[in-house]
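**Student:**
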Amino acid sequence: MRYSNQELWQFIKQHPDFTNFTGKDHDLRDWTKDNPEISVNLEKGSWYNHKTGEGGGLFDLAKVLNVLPETKKNIPTANEIWQKYQVVTYDSEVNQLA
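For the sequence shown, the residue numbers in the working numbering are -19 to 78.
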């Protein structure tokens, strides 16, 4: 699915590392930090880490942060992990494979 830069930014802002980002569309940063290393440029649809020299597009950043709607569904909930563990534990006690 294709998203606009504004839509991608709304997804990215849901991630805890990006909730405090403010500024102009060409230079969004976490100004609560003394020297914010990551900047986001909505006009260009890009991000850049001034400390490491890494950067890229907003879509790739959203994908890595796992905040896109189609990727969020792939993360199992804690309850799903627990239930799967319980089945494996129970089956292994009776020497059967799950």
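Where is the CB? At the ideal position from N, CA and C, for every residue including glycine.
Note that the structure is predicted; figures quoted are calculated from it, not measured.
Measure from the alpha carbon of Leu22 to the alpha carbon of each residue in Lys43, Leu8, Pro16, Asp14, then state which is nearest.
**Tutor:** Ranking Lys43, Leu8, Pro16, Asp14 by Cα distance to Leu22 puts Leu8 first.
**Student:** Are the beta-carbon atoms belonging to Val47 and Ile(-8) less than 7 angstroms from one another?
**Tutor:** Cβ atoms of Val47 and Ile(-8): closer than 7 angstroms.
**Student:** Output the distance between the C-alpha atoms of Val20 and Gln66, rounded to the nearest integer angstrom.
**Tutor:** Distance between the alpha carbons of Val20 and Gln66 is about 43 angstroms.
**Student:** Tell me the DSSP secondary structure of Asn(-15) in three-state form.
**Tutor:** DSSP places Asn(-15) in helix when its eight states are reduced to three.
**Student:** Out of Pro(-4), Trp(-11), Gln(-6), Asp(-3), state which residue places its alpha-carbon closest to the alpha-carbon of Lys4.
**Tutor:** Here the closest residue by C-alpha is Trp(-11).
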